[in-house]
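Asks: In our numbering, the protein residues as written are 75 to 284.
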Amino acid sequence: MQSDAYTDSYNCNNQIYSYDVTDSAIWDSDNTSIMTVNGTGLVDGVSGGSTNLVASIGGYTYACTNMCSASPINVGSSTPTTVQVPTSLELVKTTSQGAASCSSGSAGWSRYVLWQVLDQNGKPINVQMSVSDSIKIGSQNTCGGSPISGSATTSGSGQFSDHYYLCSTACVGGTCQTDASDTYTVAGIPLTSDVKSIGYECTSITIDGQ
75 MQSDAYTDSY
85 NCNNQIYSYD
95 VTDSAIWDSD
105 NTSIMTVNGT
115 GLVDGVSGGS
125 TNLVASIGGY
135 TYACTNMCSA
145 SPINVGSSTP
155 TTVQVPTSLE
165 LVKTTSQGAA
175 SCSSGSAGWS
185 RYVLWQVLDQ
195 NGKPINVQMS
205 VSDSIKIGSQ
215 NTCGGSPISG
225 SATTSGSGQF
235 SDHYYLCSTA
245 CVGGTCQTDA
255 SDTYTVAGIP
265 LTSDVKSIGY
275 ECTSITIDGQ
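This is the structure we're talking about:
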């Protein structure tokens with residue numbers, strides 16, 4: 075995240091001028107274990123939490139004699155900043171579901187859902203991020219086959235679409251049940267404490283019981 079700093083100065087006619095002092099400001103973070111900032115205001119999140127981002131600058135004020143002369147003053151500002159860490163996914167809605175398009179001799183079910191990435195405080199992270207998931211079959215598998223893991227990129231609002239589907243010969247004139255777990259990695263961070271339980275049947279797919 076890039077931060078910018080501005081300072082205001084008055085001339086001898088009491089007119090105000092705003093200057094971009096991003097590159098000349100002295101940048102600091104009140105807690106570098108949460109967030110660091112370099113000399114140009116570029117912020118890097120280290121861990122989840124809140125701290126203050128501080129910018130200070132040696133500016134100028136003007137006094138009127140026969141002409142404007144400058145004398146240095148110090149101005150500074152701080153801004154509360156929160157570092158968001160991908161922690162969990164919220165099921166926003168099911169966008170579509172119905173009979174899957176399977177090869178001859180198989181039948182099944184398809185479900186598209188929309189996920190929202192949440193931070194450590196349960197708040198949406200509204201930025202674009204890479205996402206991947208890994209699906210593991212549980213102890214029950216009468217449908218046969220293995221679900222396919224995949225990858226995606228979220229929208230600027232931190233949402234992405236996922237597709238769950240089942241194709242099985244057991245679904246042709248019959249039924250089957252398979253349970254699985256789905257683990258996600260968002261922006262390189264594994265959501266190991268947020269494992270989704272998936273239930274596959276010939277005419278339904280449930281996610282965490284929904």
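Heads up, the beta-carbon is just placed ideally off N, CA and C, and yes, glycines get one too.
Bear in mind the structure is a predicted one, so any value in this text is a computation, not a measurement.
Are the beta-carbon atoms belonging to L165 and Q251 less than 8 Å from one another?
Replies: In this structure, Q251 does not lie closer than 8 Å to L165 by Cβ.
Asks: Mapping the DSSP letters down to three states, classify C245 as helix, strand or coil.
Replies: Of the three classes helix, strand and coil, the one that applies to C245 here is helix, per DSSP.
Asks: Would you call the region 178 to 190 and the region 265 to 282 touching, i.e. three or more CB-CB distances under 8 Å?
Replies: With the cut-off at 8 Å, the region 178 to 190 and the region 265 to 282 touch.
Asks: Ordered along the chain, which non-local residues of its own chain (more than five positions away) have a Cβ less than 7 Å from that of T110?
Replies: Here the set comprises S103, D118 and V120.
Asks: Hey, quick one: how far does the beta strand (DSSP E) through N215 stretch, first residue to last?
Replies: Where N215 is concerned, the enclosing beta strand (DSSP E) stretches over S204 to N215.
Asks: Between the Cα of L163 and those of A261, I279 and V246, spot the shortest distance and give me the residue it belongs to.
Replies: Closest by alpha carbon: A261.
Asks: Between which two residues does the beta strand (DSSP E) holding T169 run?
Replies: Per DSSP, T169 belongs to the beta strand (DSSP E) from S162 to A173.
Asks: Since K197 is in the beta strand (DSSP E), which residue starts that stretch and which ends it?
Replies: Segment: none, K197 is in no beta strand (DSSP E) and carries neither H nor E.
Asks: So, using beta-carbon positions, are T259 and V269 closer together than 8 Å?
Replies: No, the pair does not count as a contact, with Cβ atoms beyond the cut-off.
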